[in-house]
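Chemist:
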Amino acid sequence: MTASTPSGPPFRDPLLPFARRAADLLSRLTPEERIRFLHQYAPAVERLGVAAFRTGQEALHGVAWAGPATVFPQSVGLGATWNPALVRRVGEAVSREIRAMRRADDRVGLNVWAPTVNLLRHPLWGRNEEGYAEDPYLTSAIATAYTRGLRGDHPMHWRTAPVLKHWLAHNNETDRDTSSSSVRPRVLHEYDLRAFRDTVRAGAVAGVMPAYNLVNGRPNHVSPLLDDPLRTWTGEDLLVCSDAGAPSNLVDSEHYHDTHEEAVAAALRAGVDSFTDHGTDSAPTVARLTRALELGLLTEADVDRAVLRQLSVRLRLGEFDPDGGPHAGDHAFDTPEHRELAREAAEQAVVLLRNDGVLPIAPGARIAVVGLLADECKLDWYSGSLLHRSTPLDGLRERFGAANVEFAEGADRVVLRTSSGAFLHVPPAPDDTAAPAGGAEDALDPALLAGRTDLPPLTTAATGTVFALVDWGDGVLTLRAPDGRHLSAAEDGFVRASADQPGGWVVRETFRLEPHGDGHLLRHLATGLPVRADADGVRVADGTPEVFHLVVTERGEEAVARAAAAADVVVVVAGNDPHINGRETEDRTTLRLPAQQERLLRAARAARPATVLALTSSYPYAPDVADVPGVLWTAHGGQAAGTALARVLAGDVSPAGRLPQTWYADDADLPPLLDYDVIGSGQTYLYFRGAPLFPFGHGLSYASFAYDGLTALPDADGAAVRVAFTVTNTSAHRTADEVAQLYVRAVDPSVPRPRRELVAHRRVTLAPGETAALSFEVPMSAFALWDVALGRLRVEPGGYELLAGASSEDVRLRCVVRLPGEPARPRPVLAQGLDAACYDEQSGTLIVDRTRTAGDAVTTTGSGPGELLFRGCDFGDGVDGVAVEVSGDGTVGLSVDDGPALATLTPPEPTKDRYAYVTLRAPLDPGVLAGVRDLRLRLRGPLRLARVTFSARGSV
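In the working numbering, the protein residues as written are 312 to 1267.
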């Protein structure tokens, strides 16, 4: 039997190849319709029966911005599981819930902007919670698993279409749309590109989103890297979706292009296919693209190429199949399986950092659970709304019995007295104001939600309301009324007790107390305005501010000490609010735990030595835990966070999470946030040579494990190294997971290489006494470095040490394998010259854009001279001249080894702009520069150096 041919147009025929169907639909679209398809909100084409299409459904750890859904641990928590199989199941659950929610609301999109594969290079990055790990291999392993879950198992059709974020080298919120990440070729190819590369090659990625920042002086949205290497990694069409507002940034904030027509044309030609700009209003983008086409900045072929990529994704999603495709019936939502998976993921994300015998908590113990997060289940900017909620207090009371668990939050209790002697007072809310905060509750974008104005504003009265004051660090405060509502200032300026939690794109629930005279000003941080007590209510406004006197009715540490003294064990739950002091748009300033939480920890420890610190946070801290016998960390764990934590504390589950990034001991260990040279500045476990507080891969267990029998043998064809060893659970009574980790390091490298680098791992469950035989096939590329002279990966010949163990520092087994590799060759500078950015080492320089469309150049940082070192340059029998391509103004000096300057080249006058290069030439004494030498170039002034060439001795 053969399937009948549909009677409709070819683009609706599921028997035809996707490419033919896409081409057919494209041919039926008018030029105007094609341009309109390039905006995030592509309109319907009713004459063809084609529905509207939206890119960009947020789903980092559950469906977000679409109402209640299953909430899984934050992405960094999923990374801490080190369990790709689990994360794939999470992706499957999320994609099924997206399909289910779309059935009820067609605004829920199937083009998913997730996962984030930016490497967690710097722990102060505000969006640390969105990534998986600081390591490229682990990030790719987890991201690949999540995308495969989002995609589904059908060989042709996709349940959802995941888009990787944020291409490329993006780890700062400070000046994120104007700063440039200077990324040398080795860091680019060995570090930043790798997580994207391996995930794209795995075949479950529908597209990529460029980041706001610039890389080497060029905005990511016009980068040639969007074509090569990105699109060379897969035979599938990739849909590149701009980040929100980024196309306009090319003109408005970055000033990279003079007109918006030039900007959208450059982005489209570079490879951007869908423009996320001006929200739902596509008119400005359509007008710019139309005008660019009229001006000849674009061709119809440029437009068609982008439209075809979008249609390819829509076809894979089954949109144009008569039955909606094989995933049309997927609508599992909030199922028992999803709830169980959320708990399992939260359990596997818990990392035991220290245990001096205080854990697990003994049955029947009296427990004090204290701290600012002890009764919280925090959400982040990319979370869905909770269907279920479990706080640490909930979990411990459920597990140990409410009678055995005492609670003390530890917030300071305060009243605020005005200069007139009255107090801030929260009036009672009318009975008919039970609607949730947010106003436009049906908005899919939470940035559109506004603060509530239906509640009465604060007043002043003879008796004040006692507020719970929390200092989240750097003096950033929240104030909570006794009914649990936080003080918030809506757009009308009045201050109300109206918010369940701090949140929103602009957080309107944070304040700062500023010393003023004999009291304090209370400044609202979102508006920058002080609080005033007016006759019609308390508001934030210009004018004469109110001077408040803070009256503390109870110190939080006093309540904590009382609860701790009556307990056998104290669990201090500390950490961050994901909307405050470290989030999208805001980087952190320190690794330190906020001072208020440090005081609570000290008070608990002083009252009861058997204290456990349970850190719940989006990022690493550097707390003072020298005398704390038990320390755990978990990311904000979603809807089942409290149950999961309680089960780990009770020993129902042996912890087996592992740190996905280094926990540094002090701020002094960190390089500047904008220093992206992980090699030169010694960042991450790969290159950091100090003593971390807790190392990458660290995590303890309630069981013990032995490693044995490490072997390593290269394949006969030289494609991989086969590694094997065994892991045994040596505990007598406890089944537990172990995360076996395999690292490699070059024994005698010719250039700086990682101290050790993760190349494989496996999370295994072992019964008491059980042994697992683990084997890994490590590809030869895992041993390679980027050869800046050759412009490609190369495996150096020599010894490589394989290290197996329980973390990057807890190495149990070692062996050395020798690889023949490819010997280094001198740089053929006579034949090929030198690209300035392909140096071996540098100081005082930055990589910048050679032109607006392609190429790199090097300039000084502006704080002094810069130097570039090129090792192993082969000058043959000698050279008698040098030429440099430069722009701007300054000098280039040339020397070899550590010798004196052989030539200094200076433009006769500054060039007209930074892209107007001139070639400067200088003679060299014959015979002085010959053979293989190390070349040094010294740069002074605001000069850009693109290239250096040499003339052979005696050449014409």
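Where is the CB? At the ideal position from N, CA and C, for every residue including glycine.
Model, not experiment: these values are computed from the prediction.
May I have the straight-line CA-CA distance separating Ile-678 from Asp-879, to the nearest angstrom?
Modeler: Cα-Cα distance, rounded: 6 Å.
Chemist: Once DSSP output is grouped into helix, strand and coil, what is the label at Arg-1074?
Modeler: Strand at Arg-1074.
Chemist: Kindly list the residues whose CB is nearer than 6 Å to the CB of Val-533, restricted to its own chain and excluding five residues on each side of it in sequence; keep chain order.
Modeler: Correct list, in chain order: Ala-577, Ala-578, Ala-581.
Chemist: Roughly how many angstroms separate the alpha carbons of Pro-633 and Asp-324, rounded to a whole number?
Modeler: Rounded to whole angstroms, Pro-633 to Asp-324 spans 8 Å at the Cα level.
Chemist: By DSSP, does Ser-809 sit in helix, in strand, or in coil?
Modeler: Three-state result, Ser-809: strand.
Chemist: I believe Leu-911 touches Glu-868 by the beta-carbon criterion, under 8 Å. Please report the beta-carbon distance rounded to the nearest angstrom.
Modeler: Correct: roughly 6 Å between the Cβ atoms.
Chemist: At what residues does the beta strand (DSSP E) containing Pro-595 begin and finish?
Modeler: Not the beta strand (DSSP E): Pro-595 falls in the alpha helix (DSSP H), residues 594 to 605.
Chemist: Just to check my reading of the structure: Ala-1233 and Val-1169 have Cβ atoms closer than 8 Å, yes? What is that Cβ distance to the nearest angstrom?
Modeler: Not quite, the Cβ-Cβ distance comes to about 19 Å (not below 8 Å), so this is no contact.
Chemist: So, Val-1038 versus Phe-1016, is the Cβ gap smaller than 7 Å?
Modeler: Yes; because the gap between Cβ atoms is below 7 Å, this pair is in contact.
Chemist: For the putative contact between Asn-527 and Asp-1167, defined by C-beta atoms under 8 Å, what is the C-beta separation to the nearest angstrom?
Modeler: Their Cβ separation, rounded to whole angstroms, is 5 Å, which keeps Asn-527 and Asp-1167 in contact under 8 Å.
Chemist: Below 6 Å CB to CB, which residues in the same chain sit around Pro-940 once its five sequence neighbours on both sides are set aside?
Modeler: Within the same chain, Pro-940 has close Cβ partners Asp-667, Val-669.
Chemist: Three-state secondary structure (DSSP) at Ala-1035?
Modeler: Strand at Ala-1035.
Chemist: Across which residues does DSSP place Val-737 in a beta bridge pair?
Modeler: Paired residues: none, contrary to the question.
Chemist: Closer than 6 Å by C-beta to Gly-1132: which residues in its own chain qualify, once you throw out the five before and the five after it? Chain order, please.
Modeler: So the list reads Val-1106, Glu-1107, Pro-1108, once near-sequence residues are dropped.
Chemist: In whole angstroms, what separates the C-alpha of Asp-986 from that of Thr-485?
Modeler: In a straight line, the C-alpha of Asp-986 is about 13 Å away from that of Thr-485.
Chemist: If you pair each beta-carbon of the region 453 to 470 with each one of the region 403 to 413, do three or more pairs fall below 8 Å?
Modeler: Enough Cβ pairs lie closer than 8 Å, so yes.
Chemist: For Gln-950, is the classification buried or exposed, using 16 other Cβ atoms within 10 angstroms of its Cβ as the cut-off for buried?
Modeler: Classification of Gln-950: buried, given that the 10 Å Cβ count is 16 or more.
Chemist: With contact counted as at least three CB pairs below 8 Å, one residue from each stretch, are the region 762 to 778 and the region 790 to 809 in contact?
Modeler: They touch, by the three-pair rule.
Chemist: Rounded to whole angstroms, what is the Cα-Cα separation between Pro-982 and Arg-438?
Modeler: Pro-982 and Arg-438: Cα-Cα distance of roughly 18 Å.
Chemist: Work out the CA separation of Asn-429 and Ala-444 for me, nearest whole Å.
Modeler: Rounded to whole angstroms, Ala-444 to Asn-429 spans 8 Å at the Cα level.
Chemist: Please state if the CB of Arg-599 and the CB of Glu-573 are separated by a distance shorter than 7 Å.
Modeler: The answer is no: Cβ separation not under 7 Å.
Chemist: If you draw a straight line from the C-alpha of Thr-510 to the C-alpha of Ala-874, how long is it?
Modeler: Taking the straight line from one Cα to the other gives about 49 Å.
Chemist: Run the CB neighbour count on Ser-315, radius 10 Å, all protein chains shown included, and call it buried at 16 or more, exposed below.
Modeler: Note that Ser-315 scores 47 on pLDDT, short of 50, meaning its location in the model is unreliable; the coordinates nonetheless yield the value given after this. Exposed is the call here.
Chemist: Quick one: is Gly-402 buried, meaning 16 or more other Cβ sit within 10 Å of its Cβ, or exposed?
Modeler: Flag for Gly-402 reads buried.
Chemist: Whole angstroms is fine: what's the gap from Asp-592's alpha carbon to Ser-490's?
Modeler: The straight-line gap from Cα to Cα measures roughly 28 Å.
Chemist: Assign Ala-660 to one of three DSSP states: helix, strand, or coil.
Modeler: In this structure, Ala-660 counts as coil in the three-state DSSP scheme.
Chemist: Expressed to the nearest angstrom, what Euclidean distance is found between the alpha-carbon atoms of Ala-377 and Ala-555?
Modeler: Approximately 18 Å, taken between the alpha carbons.
Chemist: Specify, as a first and last residue, the run of the beta strand (DSSP E) that Met-520 falls within.
Modeler: Where Met-520 is concerned, the enclosing beta strand (DSSP E) stretches over 518 to 521.
Chemist: Would you decide whether Asp-584 is buried or exposed? Buried here means 16 or more other CB atoms lie within 10 Å of its CB.
Modeler: It counts as buried.
Chemist: Pick out the complete alpha helix (DSSP H) segments inside the region 1132 to 1170, 4 residues or longer, and give them in chain order.
Modeler: DSSP runs (the alpha helix (DSSP H)) wholly in the region 1132 to 1170: 1140 to 1143.
Chemist: My output table needs one value for Gly-1199: the three-state DSSP class, helix, strand or coil.
Modeler: Here Gly-1199 sits in strand by DSSP.
Chemist: Given this structure, state the Cα-to-Cα distance separating Val-849 from Val-817, to the nearest angstrom.
Modeler: Looking at the two C-alpha atoms, the distance is approximately 20 Å.
Chemist: When the Cα atoms are used, what is the spatial distance from Thr-1283 to Gly-1199?
Modeler: Shown here, the chain extends from 312 to 1267; a query on residue 1283 therefore has no answer.
Chemist: Return helix, strand or coil for Val-428, following the three-state DSSP convention.
Modeler: In the structure shown, Val-428 sits in coil (DSSP, three-state: anything other than H, G, I, E or B).
Chemist: How many Å lie between Val-1229 and Ala-1057 at the Cα?
Modeler: Rounded to the nearest angstrom, the two C-alpha atoms are 42 Å apart.
Chemist: One question on the structure: do Ala-657 and Pro-384 come within less than 7 Å of each other, judged by their Cβ atoms?
Modeler: Going by C-beta atoms, Ala-657 is nearer than 7 Å to Pro-384.
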